[in-house]
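Asker: Below you will find the structure I want to go over with you.
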Amino acid sequence: MVASKANHSSDRHVISNSERKDRSIRLWGERGQLALEKGHVCVLNATVVATEVLKNLVLPGVGAFTIVDNHRVSEIVMAMVMVMVMAMVMVMVMVMVMAMVMAMVMAMVMVMVKHSERDLGNNFFVTQESIGEPRCHEVMKNLLELNEEVKGHAVNEDACEIIMSNLDFFNDFSCVIVLWERGIPLFLGKAYGMIGLWRNVIPEVCIVESRPEYAKENYRLANPFPELSAFVEKFDLESCRHPYIPLTETTPTPFAFSSPSPSHSFALQALQRWRAEHDGKMPQTGQEKDQFRELLDDFQLAVGKDEENFVEAKALARHAYSPFEIPSEVKAILSDAKAGADSNCQDPFWIIVRALRAFVEGEGGGCLPLSGMLPDMHADTKSYIDLQNIYREQAARDCSHVSARVQQILTSMNQRADVISQAEISLICKNAANIRLVRTRSLQEEYTSPCCDDWGWMLDMPEEFPHYLYVLLRAADRYKALKISLNLATSASSSGCISPGKDPKLALHGHALHTSRSK
Amino acid sequence: MASTDVEMRVDIDPDRRWEDLYRLLSRPGPSAGPNFFPGDETKELLHNLIRVLVVGAGGLGCELLKDLTLLGFLNIDVIDMDTIEVTNLNRQFLFRKCDVGQSKAVVAANFINKRVPGASVTPHFCKIQEKDADFYQQFQIIVLGLDSLEARRWMNDMVCSLAQFDDDGNIEPGTNIPMVDGGTEGLAGHVNVIYPFVTPCFECILPLFPPQVNFPMCTLADIPRTPAHCVEWAKQLEWDRVRPFGDDTDLECDDPKHMQWLYETALKRAQQFGIEGVTLKFTQGVAKRIIPAIAATNAIVAAACANEVLKLATAVSRHMSTESGGHYMMYQGGDAIYTNTLSHERKDDCPVCGRKAVKIHVHEDITVAQLIELMKEDSRLRLKNPAISVPADTTSGMKTIYNPHVKSIYERTRENLDHPISSWIRSSGVELTVDDPVMATQKQVLVMFS
Ligand SMILES: [Zn+2]
Numbered sequence: 001m002v003a004s005k006a007n008h009s010s011d012r013h014v015i016s017n018s019e020r021k022d023r024s025i026r027l028w029g030e031r032g033q034l035a036l037e038k039g040h041v042c043v044l045n046a047t048v049v050a051t052e053v054l055k056n057l058v059l060p061g062v063g064a065f066t067i068v069d070n071h072r073v074s075e076i077v078m079a080m081v082m083v084m085v086m087a088m089v090m091v092m093v094m095v096m097v098m099a100m101v102m103a104m105v106m107a108m109v110m111v112m113v114k115h116s117e118r119d120l121g122n123n124f125f126v127t128q129e130s131i132g133e134p135r136c137h138e139v140m141k142n143l144l145e146l147n148e149e150v151k152g153h154a155v156n157e158d159a160c161e162i163i164m165s166n167l168d169f170f171n172d173f174s175c176v177i178v179l180w181e182r183g184i185p186l187f188l189g190k191a192y193g194m195i196g197l198w199r200n201v202i203p204e205v206c207i208v209e210s211r212p213e214y215a216k217e218n219y220r221l222a223n224p225f226p227e228l229s230a231f232v233e234k235f236d237l238e239s240c241r242h243p244y245i246p247l248t249e250t251t252p253t254p255f256a257f258s259s260p261s262p263s264h265s266f267a268l269q270a271l272q273r274w275r276a277e278h279d280g281k282m283p284q285t286g287q288e289k290d291q292f293r294e295l296l297d298d299f300q301l302a303v304g305k306d307e308e309n310f311v312e313a314k315a316l317a318r319h320a321y322s323p324f325e326i327p328s329e330v331k332a333i334l335s336d337a338k339a340g341a342d343s344n345c346q347d348p349f350w351i352i353v354r355a356l357r358a359f360v361e362g363e364g365g366g367c368l369p370l371s372g373m374l375p376d377m378h379a380d381t382k383s384y385i386d387l388q389n390i391y392r393e394q395a396a397r398d399c400s401h402v403s404a405r406v407q408q409i410l411t412s413m414n415q416r417a418d419v420i421s422q423a424e425i426s427l428i429c430k431n432a433a434n435i436r437l438v439r440t441r442s443l444q445e446e447y448t449s450p451c452c453d454d455w456g457w458m459l460d461m462p463e464e465f466p467h468y469l470y471v472l473l474r475a476a477d478r479y480k481a482l483k484i485s486l487n488l489a490t491s492a493s494s495s496g497c498i499s500p501g502k503d504p505k506l507a508l509h510g511h512a513l514h515t516s517r518s519k
Numbered sequence: 001m002a003s004t005d006v007e008m009r010v011d012i013d014p015d016r017r018w019e020d021l022y023r024l025l026s027r028p029g030p031s032a033g034p035n036f037f038p039g040d041e042t043k044e045l046l047h048n049l050i051r052v053l054v055v056g057a058g059g060l061g062c063e064l065l066k067d068l069t070l071l072g073f074l075n076i077d078v079i080d081m082d083t084i085e086v087t088n089l090n091r092q093f094l095f096r097k098c099d100v101g102q103s104k105a106v107v108a109a110n111f112i113n114k115r116v117p118g119a120s121v122t123p124h125f126c127k128i129q130e131k132d133a134d135f136y137q138q139f140q141i142i143v144l145g146l147d148s149l150e151a152r153r154w155m156n157d158m159v160c161s162l163a164q165f166d167d168d169g170n171i172e173p174g175t176n177i178p179m180v181d182g183g184t185e186g187l188a189g190h191v192n193v194i195y196p197f198v199t200p201c202f203e204c205i206l207p208l209f210p211p212q213v214n215f216p217m218c219t220l221a222d223i224p225r226t227p228a229h230c231v232e233w234a235k236q237l238e239w240d241r242v243r244p245f246g247d248d249t250d251l252e253c254d255d256p257k258h259m260q261w262l263y264e265t266a267l268k269r270a271q272q273f274g275i276e277g278v279t280l281k282f283t284q285g286v287a288k289r290i291i292p293a294i295a296a297t298n299a300i301v302a303a304a305c306a307n308e309v310l311k312l313a314t315a316v317s318r319h320m321s322t323e324s325g326g327h328y329m330m331y332q333g334g335d336a337i338y339t340n341t342l343s344h345e346r347k348d349d350c351p352v353c354g355r356k357a358v359k360i361h362v363h364e365d366i367t368v369a370q371l372i373e374l375m376k377e378d379s380r381l382r383l384k385n386p387a388i389s390v391p392a393d394t395t396s397g398m399k400t401i402y403n404p405h406v407k408s409i410y411e412r413t414r415e416n417l418d419h420p421i422s423s424w425i426r427s428s429g430v431e432l433t434v435d436d437p438v439m440a441t442q443k444q445v446l447v448m449f450s
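From first to last, the protein sequence lines are chains A and B. Numbering of the first sequence is given in UniProt numbering, commencing with residue 1 and proceeding in unit increments. Numbering of the second sequence is given in UniProt numbering, commencing with residue 1 and proceeding in unit increments.
Pasting the structure below:
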């Protein structure tokens, strides 16, 4: 059984029952799985939306969940759900939970066609026998069936009393503010007819292993380190001599391409020759870049074959002559106030980022630490493995520089050296080019933002401004709030649900799937 | 058909649970199509008249069955040849540990029938290829929750072949059954609404799903560099050379003994070349081409599919189509969320919905084997293992050139592989008839000599 309360001795936590988790772990890795298993998610109101979110978290094995809901099955409730992720885990791993919750959420936004619910017709996780029973218990019981490792808690209390019920007055929402101040992410979801809304309220989440589809990597071709230059020197492109293949009768040209040389060697040597002929400068203008590529063509002609590794070398050419730019997302993190030299942020992530920044400005010479990864390329085994080791060794050297910087920072903060483990530092160094930071506006900011009053015009141009839906949903909230405060009838048909039949603008949206992200 | 039974069960349903759904179906609205009839007819249609087929009872299938029955589709058939495995349990929520080894279709149907009052889900524990046109013709809407390209192509061809045309070439109304195709991979997915002969069929958009790129043989054989090269070497080359479990035992990736052999063999090779990273889990991933899969993505895609089914069935709102802004929704959940709904074009020379023979240009001298290779590589055809025959003066009107599917015919025809195709095709412009596992029906290929 997985402990629901996470503790910091994370290394002791071993993933059990791994076959069941195989397909998830292949997506978010073992660290992602551990983060999920340490997560504790709280939902307010066990609506269909909330139940779907929980289902999608329980199946892959969230540590624990708590449902706060005081309705009996089949009653009618506000279709608002709040999901809090109380993941008491290291920031750097917690990310995965976030990423997932965000993904899951979309699920419900689209899943649910209805709003104020007759549970049985909408919620798969209540049964006929559940009618009249406390909904939180029924939903919990049926969800726990899905995964015996997950812990569930049901709190049969009014979520609206815990948080205040009026969506339009979020500044009174003390609970929300508490969450915000404690850095606990909050998610809000609603579904009306064919429309849904999902809102992430995230004070700050730092993502280390962002697992991008195309990871950014700097191979330092424009500014090779000595070991890389030495490796490249071994390949004598002038005479097409491959260093590992002795010249014999059977290999008349040493580039007999059963043993091709790695594309890095071509790209780099071509660059070196180009610079030797151009006062040490890089190809800069479009014309110069073309000339550089022609140089690669010459090498290829010398060999007389249309070989895969030359094709790769030409693809690498851009990396060779343009100095690596630190990705803008990473730059923003490095220049964040929390990474400043005078920052006293004690969070391990930010201390390591401070060290990273010092490295970039110092030993790194403008570069991030290497990841140590080398993509596969057309080459003989030995050349490739040697080159791979050269990158790995440099990555280790970079990482040890960053570690030293971390120690300096910890000393300056009068902290013990072992509060940050080597593993944490290595992980960030390895992912340095792909770290991410997510911060959203607070709900308070959103709801007190003064521009809301002028948004009505969007309603007239729904095609150009899909945000009209947002305006309508805010209007629906306000309408509901007004009704609650006037203590109007609360019968089924007037519970604040806007059905497509009533409102042409809402109904318009049913035409085709149409989604939009706004910043 | 259990329609009277269903009606009864709906009637005794005590809790008016469809009230929310009926709110959507009872009133006219501006988003509804011209064929939307708010009121009891539509409800009757949904609960009792429409029969939906869900193809696949896996990650998407479980979600689809839940969503569709909660949307009031009570008559559903589900077909799946697979049995439940432990690795399914991270997302296929209708299954429990004790169900491992049982039929997915049967367990899923039983669960839904128990959980959703009035639901009548009929399971079919078999391959889709075991059912014929008469079976597929019974349904008004077909939803695909498949993970294999081949199965999708076969279903697409089958459903398209059901469409009938009048003498003027117009579709007989109601014979082109709409299909909603869902697919997921990790955090990404798609939903595609196919109206045969109206929107592009799956074959028309096949280029969106490029074939798997294989490692060059020389890399595997001589210069491996990555752990994947070592696994593929063990799988593609070493297994056939060694035949570790006897000459007649083919590699079966679901057999743990075979997998262990692959792992050990790949590991040995990796060590010999100084390559790191071969583990059992890694070996399984490469050898079985495992795609990561989670509940949330399936939920999103299945939900979008189910809503399209509702729109197709009731016209309560326009379904995804070229006219409504796109028939194909792509979903990317990897870096935040991105979705886009777009349209593709129907292909004139689509082998499935183009309604004419696919023309290929070949040199007169090529052998039968070379022609087959061309048909496998042709981006329009992408066949897997075709049998080919030509029109001839025989009682059947055809003569088989090559057929790998029936053992006796294979024995008789395999020597033809090395013969020039011109032994059967005397002149340019002859139509070959092709049978292939990715197609449900025979296809015509027009061979032109160049
Ligand atoms: Zn087509």
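Ideal Cβ placement from N, Cα and C applies to all residues, glycine included. The structure presented is a predicted model; accordingly, all values stated were derived computationally and were not measured.
Identify the contact partners of B:Val86 in chain A, using a Cβ-Cβ distance below 9 Å as the criterion.
Answerer: The answer, in chain order, is Asn17, Glu19, Arg20, Asp22.
Asker: Under a CB-based cut-off of 8 Å, is A:Tyr384 close to chain B?
Answerer: True, the Cβ-Cβ gap to chain B drops below 8 Å.
Asker: Contact criterion: CB-CB distance below 8 Å. Does B:Gly277 meet it with respect to chain A?
Answerer: Taking Cβ atoms only, chain A never reaches closer than 8 Å to B:Gly277, which makes this a no.
Asker: Count the CB pairs spanning the stretch 191-207 of chain B and the stretch 247-256 of chain B that are closer than 8 Å, and state whether there are at least three.
Answerer: No contact exists between the stretch 191-207 of chain B and the stretch 247-256 of chain B.
Asker: Return helix, strand or coil for B:Val357, following the three-state DSSP convention.
Answerer: Per the sequence shown, the amino acid found at residue 357 of chain B is Ala instead of Val. If DSSP states are grouped into helix, strand and coil, B:Ala357 belongs with coil.
Asker: Buried or exposed for A:Glu148, please, with buried defined as at least 16 other CB atoms from any protein chain shown within 10 angstroms of its CB.
Answerer: Exposed, because fewer than 16 other Cβ atoms sit within 10 Å of the Cβ of A:Glu148.
Asker: Starting from A:Phe31, follow the alpha helix (DSSP H) in both directions and report where the run begins and ends.
Answerer: Residue identity check: residue 31 of chain A is Arg in the sequence provided, not Phe. Its alpha helix (DSSP H) spans residues 18-38.
Asker: Measuring only the C-alpha atoms, how far is B:Thr339 from B:Met329?
Answerer: Cα to Cα, B:Thr339 sits roughly 7 Å from B:Met329.
Asker: So who's on the other strand from A:Phe65, going by DSSP bridges?
Answerer: A:Phe65 pairs with A:Val41, A:Gly152.
Asker: Is there a Cβ from chain A that is less than 8 Å from the Cβ of B:Pro292?
Answerer: B:Pro292 counts as touching chain A.
Asker: For ligand 1, list every residue whose C-beta falls under 5 Å from any of its heavy atoms, going in chain order.
Answerer: Output, sorted by chain position: B:Cys201, B:Glu203, B:Cys204, B:Cys350, B:Val352, B:Cys353.
Asker: In angstroms with no decimal places, state the Cα-to-Cα distance between A:Leu334 and A:Cys429.
Answerer: Near 13 Å, if we compare the C-alpha coordinates of A:Cys429 and A:Leu334.
Asker: Taking three-plus beta-carbon pairs below 8 Å as touching, is the stretch 62-76 of chain A in contact with the stretch 127-137 of chain A?
Answerer: The stretch 62-76 of chain A, when compared against the stretch 127-137 of chain A, does touch it at the 8 Å Cβ threshold.
Asker: Is the stretch 24-34 of chain B touching the stretch 316-327 of chain B, taking contact as three or more C-beta pairs under 8 Å?
Answerer: As far as the Cβ criterion goes, the stretch 24-34 of chain B touches the stretch 316-327 of chain B, which means the pair count is three or higher.
Asker: Thinking C-alpha only, which one of A:Gln407, A:Ala276, A:Leu459 is nearest A:Ile352?
Answerer: For the residues A:Gln407, A:Ala276, A:Leu459, the minimum Cα distance to A:Ile352 belongs to A:Gln407.
Asker: Please report whether the beta-carbon of A:Pro185 lies at a distance below 8 Å from any beta-carbon of chain B.
Answerer: Not closer than 8 Å to any Cβ of chain B, the Cβ of A:Pro185 fails to qualify, so no.
Asker: Going residue by residue through the stretch 111-194 of chain B, where are the continuous alpha helix (DSSP H) segments of at least 4 residues, counting only ones entirely within it?
Answerer: Entirely contained in the stretch 111-194 of chain B, the alpha helix (DSSP H) runs reaching 4 residues are, in chain order, 133-136, 149-161.
Asker: For A:Asn223, does the count of other Cβ atoms within 10 angstroms reach 16, so buried, or fall short, so exposed?
Answerer: Flag for A:Asn223 reads exposed.
Asker: Following the continuous alpha helix (DSSP H) through B:Ser321, name the residue where it begins and the one where it ends.
Answerer: No alpha helix (DSSP H) contains B:Ser321, which DSSP labels as neither H nor E.
Asker: Could you give the DSSP three-state label for A:Ser259: helix, strand or coil?
Answerer: Reliability fails at A:Ser259, whose pLDDT of 43 lies under 50, so the model's placement of it is uncertain and the value that follows must be treated cautiously. Here A:Ser259 sits in coil by DSSP.
Asker: Have a look at residue 596 of chain A and A:Arg273 and give me their C-alpha separation to the nearest angstrom.
Answerer: In this structure chain A extends from 1 to 519, so residue 596 of chain A is not present and cannot be described.
Asker: Determine the direct distance from the alpha carbon of A:Asp297 to that of A:Phe235, and round the result to whole angstroms.
Answerer: Computed Cα separation, rounded: 17 Å.
Asker: With a threshold of 8 Å, are at least 3 pairs of Cβ atoms found where one atom belongs to the stretch 76-84 of chain B and the other to the stretch 120-137 of chain B?
Answerer: As far as the Cβ criterion goes, the stretch 76-84 of chain B touches the stretch 120-137 of chain B, which means the pair count is three or higher.
Asker: Measuring alpha carbon to alpha carbon, tell me which of A:Asn389, A:Asn414, A:Ala423, A:Val330 ends up nearest A:Ser403.
Answerer: A:Ser403 has its Cα closest to that of A:Ala423, out of A:Asn389, A:Asn414, A:Ala423, A:Val330.
Asker: Within 8 Å, do at least three Cβ pairs link the stretch 432-441 of chain A to the stretch 362-376 of chain A?
Answerer: A contact exists between the stretch 362-376 of chain A and the stretch 432-441 of chain A.
Asker: Please name the residue, chosen from A:Val49, A:Val62, A:Ile409, A:Arg26, that lies closest to A:Gln346 on a Cα-to-Cα basis.
Answerer: Out of A:Val49, A:Val62, A:Ile409, A:Arg26, A:Ile409 has the C-alpha closest to the C-alpha of A:Gln346.
Asker: From the beta carbon of B:Asn307, is the nearest beta carbon of chain A less than 8 Å away?
Answerer: Chain A, which has a Cβ nearer than 8 Å to the Cβ of B:Asn307, makes this yes.
Asker: Roughly how many angstroms separate the alpha carbons of A:Asp342 and A:Pro327, rounded to a whole number?
Answerer: Approximately 24 Å, taken between the alpha carbons.
Asker: Starting from B:Lys443, follow its DSSP beta bridges and name the residues at the other end.
Answerer: In DSSP, B:Lys443 forms a bridge with B:Val434.
Asker: Along the chain, where does the alpha helix (DSSP H) containing A:Ala395 start, and where does it finish?
Answerer: It spans 381-412 - the alpha helix (DSSP H) in which A:Ala395 sits, taken as one unbroken run.
Asker: Does A:Ser494 have its Cβ less than 8 Å from a Cβ in chain B?
Answerer: Since pLDDT at A:Ser494 reaches only 29, below the 50 mark, its modelled position is unreliable, and no value is offered.
Asker: Could you tell me whether the Cβ of B:Arg17 comes closer than 8 Å to any Cβ of chain A?
Answerer: Chain A, which has a Cβ nearer than 8 Å to the Cβ of B:Arg17, makes this yes.
Asker: Roughly how many angstroms lie between the CA atoms of A:Gln284 and A:Phe292, to the nearest whole one?
Answerer: Their Cα atoms are separated by approximately 10 Å.
Asker: Give the residues of chain A in contact with B:Phe273, contact being defined as C-beta atoms less than 9 Å apart.
Answerer: Under the 9 Å cutoff, chain A gives Thr381, Lys382, Ile385.
Asker: Interface residues of chain A around B:Gly334 at Cβ under 7 Å?
Answerer: Result: Glu213.
Asker: Going by CA-CA distance only, name the one from B:Ile294, B:Val231, B:Glu203 that's closest to B:Tyr263.
Answerer: Measuring from the Cα of B:Tyr263, the nearest candidate turns out to be B:Val231.
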